[in-house]
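Under full-length UniProt numbering, the first residue of the sequence shown carries the number 1, and numbering increases by one thereafter.
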Amino acid sequence: MNTLRATRLTIYIGDSFRYGHKALYRAIVEALHEGGIAGATVIHGIEGYGADKQIHTARILDLSGDLPVVIIAIDRPEKIEAILPRLDEMIDKGLVTTEEVQVVFARPGGM
């Protein structure tokens, strides 16, 4: 089976983070879409912590107003590299990583 070399972009932010008048995760997904990235998924976490070391949770007794959000996008390396400057402008707090991955198949359409 032929595989395709790709890059996975992972962005870790809080769900209360804003960009202008909208949620940062929504603004990021729109920027990825406008940048022609093959696809993106937003995952809403139930518990986590970041650089501030404050645990944010969805447990009823400890309900937090800033749950973790992870945005994952996968595309060809050059397309991910091209969108990074735009994301750098948008994200003032969070973590952004990239990793090389092998796409086994992408259906329908591919990358």
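Yeah, the Cβ is synthetic: ideal placement off N, Cα and C, and Gly gets one too.
Just so it is clear, the structure is predicted and the values come from calculations on it, not from any experiment.
Which of the three DSSP states is assigned to residue i in this structure?
i    : result
D66  : coil
R107 : coil
Terminal residues of the continuous alpha helix (DSSP H) containing residue i?
i   : result
R26 : L24 to E34
Less than 8 Å between the CB atoms is what I'm expecting for residue i and residue j, so what's the real figure, rounded?
i   : j   : result
F17 : L24 : 4 Å
L87 : I43 : Not quite, the Cβ-Cβ distance comes to about 17 Å (not below 8 Å), so this is no contact.
G50 : V70 : That belief does not hold up - the Cβ atoms of G50 and V70 are roughly 11 Å apart, past 8 Å.
A40 : A73 : 4 Å
When you compare the CB positions of residue i and residue j, do they come within less than 8 Å of one another, or not?
i           : j    : result
E100        : T7   : yes
R103        : M111 : It is Val, not Arg, that sits at residue 103 in the sequence shown. Yes; because the gap between Cβ atoms is below 8 Å, this pair is in contact.
I37         : G94  : no
residue 116 : L84  : One cannot answer for residue 116 here, as it falls past the ends of the chain, which runs 1 to 111.
Give me the DSSP bridge partner(s) of residue i.
i   : result
A73 : L9 and A40
R18 : A23
L95 : Y12
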